[in-house]
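> Next up is a structure, given as structure tokens.
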Amino acid sequence: MIKDESGFTLVELISVIAASALFVALILDFGINYWRYSSLLESDLDTFVSRLDTQDVVRDSIGTTTGLINQNSIPDTHANNPDPTAGANYWVTEHAVPGNFSAASNTTTPLVYYRRVSVTSSNSLAMNGTQPYEDEFVMYIDGSKKQLLLRTLANPNVTNNKVRTSCPPASATSTCPADKVLMDSLASIDVTYYSRSGNTLNWQSVYNTSTNTYIGPDFPLVEAVQYTFHIQKKTLFQKSTSTINDTVVRIALRNT
Numbered sequence: 175m176i177k178d179e180s181g182f183t184l185v186e187l188i189s190v191i192a193a194s195a196l197f198v199a200l201i202l203d204f205g206i207n208y209w210r211y212s213s214l215l216e217s218d219l220d221t222f223v224s225r226l227d228t229q230d231v232v233r234d235s236i237g238t239t240t241g242l243i244n245q246n247s248i249p250d251t252h253a254n255n256p257d258p259t260a261g262a263n264y265w266v267t268e269h270a271v272p273g274n275f276s277a278a279s280n281t282t283t284p285l286v287y288y289r290r291v292s293v294t295s296s297n298s299l300a301m302n303g304t305q306p307y308e309d310e311f312v313m314y315i316d317g318s319k320k321q322l323l324l325r326t327l328a329n330p331n332v333t334n335n336k337v338r339t340s341c342p343p344a345s346a347t348s349t350c351p352a353d354k355v356l357m358d359s360l361a362s363i364d365v366t367y368y369s370r371s372g373n374t375l376n377w378q379s380v381y382n383t384s385t386n387t388y389i390g391p392d393f394p395l396v397e398a399v400q401y402t403f404h405i406q407k408k409t410l411f412q413k414s415t416s417t418i419n420d421t422v423v424r425i426a427l428r429n430t
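Per the numbering used here, the very first residue in the sequence shown carries number 175; after that it's consecutive.
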């Protein structure tokens, strides 16, 4: 009787298992790297789009203002950084002092206040006699969400105002829409102010003897402003920041 010796030897079986394990490892390595690079590319594209959108909005919003202001004059019932002197409905007074504004956790930092001419829902100028009414805006940093947002303060004296007063996202309602998000993944913003001559503004021209600090000139003296937005984004499941970008926006102003 002839014995059937068909099948694999132990050496052949081990060889097949080793080869299969090698191919599986190569496939897994390719898949993980493909997912990793796709995730990085998506992160880069997201920040690229955010940078472009922010540049357009900031240039359009600030470049067409009727002037930067030191503090809102239209009361804001949701002022995130209230002025201890003016009251809870007014953001803290700001002056033209350059510096770095960080998106630190649990902080809300006003970046700039400005005015724009009020327009009615029929796209007509809202006039107060011979002068137009003006709405006011607050651009601020939400450090906890790493976002740059825009608060709208509609002039209450304008009938059928085209814009509506906005609120913090957590307090938004049907009558008070959420503040507009201008940028995500924000790390910090560098701000520099320029005079008409193109030189940096002398922010040490005004000294506050009460606080023993330089508080800078009022914003109507600013002729141009430059913002450098620092963006840092960590992709999903990444332990470290994978995308770091900077974008610079310089705007000539129409201060009056």
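We treat Cβ as the ideally placed atom computed from N, Cα and C, and that holds for glycine.
Since this is a predicted model, take the numbers as computed values, not measurements.
What is the DSSP secondary structure of residue 247, counted as helix, strand or coil?
Residue state, collapsed to three classes: coil.
> For residue 306, does the three-state DSSP call read helix, strand or coil?
It is a strand residue.
> Taking 8 Å as the threshold (C-beta atoms), are residue 292 and residue 307 in contact?
Yes, the pair counts as a contact, with Cβ atoms nearer than the cut-off.
> Thinking C-alpha only, which one of 277, 342, 230, 332 is nearest residue 404?
Minimum Cα distance to residue 404 is reached at 277.
> Evaluate the contact criterion for the stretch 343-352 versus the stretch 374-387: three or more CB pairs, one atom per stretch, below 8 Å.
No: the two stretches stay apart, fewer than three of their Cβ pairs being nearer than 8 Å.
> Can you tell me the Cα-Cα spacing of residue 300 and residue 332, whole angstroms?
Going by the C-alpha atoms only, they are around 6 Å apart.
> Where residue 428 and residue 371 are concerned, what is the direct C-alpha to C-alpha distance, given to the nearest angstrom?
Each residue's Cα considered, the two are about 15 Å apart.
> Residues in the same chain with beta-carbon distance under 8 Å from residue 426, minus the five sequence neighbours each way, listed in chain order, please.
Only 237, 397, 398 meet the Cβ criterion.
> How many angstroms separate the CA atom of residue 250 from the CA atom of residue 311?
Approximately 10 Å, taken between the alpha carbons.
> Give me, in chain order, the residues of the same chain whose beta-carbon lies closer than 7 Å to that of residue 316; leave out the 5 immediate sequence neighbours on both sides.
Cβ neighbours of residue 316 beyond the five flanking positions: 282, 323.
> For residue 244, which residues from the same chain have a beta carbon less than 8 Å from its beta carbon, with the 5 sequence-adjacent residues on both sides left out?
Taken in chain order, the residues that qualify are 267, 268, 269, 287, 392, 393.
> First and last residue of the beta strand (DSSP E) that includes residue 389?
Premise fails: residue 389 is in no beta strand (DSSP E) and is neither H nor E.
> Whole angstroms is fine: what's the gap from residue 359's alpha carbon to residue 303's?
If I take the Cα positions, the gap works out to 44 Å.
> Thinking C-alpha only, which one of 354, 369, 338, 327 is nearest residue 246?
Checked all of 354, 369, 338, 327; the closest Cα to residue 246 is 327.
> For residue 297, decide whether its Cβ has a neighbour in chain B, counting only Cβ atoms nearer than 8 Å.
Going by chain labels, chain B is absent from the structure shown, which holds only one protein chain.
> Starting from residue 355 and walking both ways along the beta strand (DSSP E), at which residues does that stretch end?
It spans 354-357 - the beta strand (DSSP E) in which residue 355 sits, taken as one unbroken run.
> Since residue 365 is in the beta strand (DSSP E), which residue starts that stretch and which ends it?
Counting along the chain, the beta strand (DSSP E) containing residue 365 begins and ends at 360-368.
> Should residue 390 be labelled buried (16 or more other beta-carbon atoms within 10 Å of its own) or exposed?
When all chains shown are included, residue 390 counts as buried.
> Once DSSP output is grouped into helix, strand and coil, what is the label at residue 276?
Correct three-state label for residue 276: strand.
> Using the beta-carbon count (16 or more within 10 Å), is residue 253 buried or exposed?
Under this definition residue 253 is a buried residue.
> Since residue 321 is in the beta strand (DSSP E), which residue starts that stretch and which ends it?
Looking at the DSSP string, the run of the beta strand (DSSP E) that includes residue 321 is 321-327.
> Decide if residue 187 is buried, meaning its Cβ has at least 16 other Cβ atoms within 10 Å, or exposed.
By the 10 Å Cβ count, residue 187 comes out exposed.
> When the Cα atoms are used, what is the spatial distance from residue 285 to residue 356?
Their Cα atoms are separated by approximately 13 Å.
> Which residues does DSSP list as the beta-bridge partners of residue 290?
Note: residue 290 sits in a beta bridge opposite 309.
> Given a threshold of 16 other Cβ atoms within 10 Å of its Cβ, counted over all protein chains shown, does residue 197 qualify as buried or as exposed?
Label assigned to residue 197: exposed.
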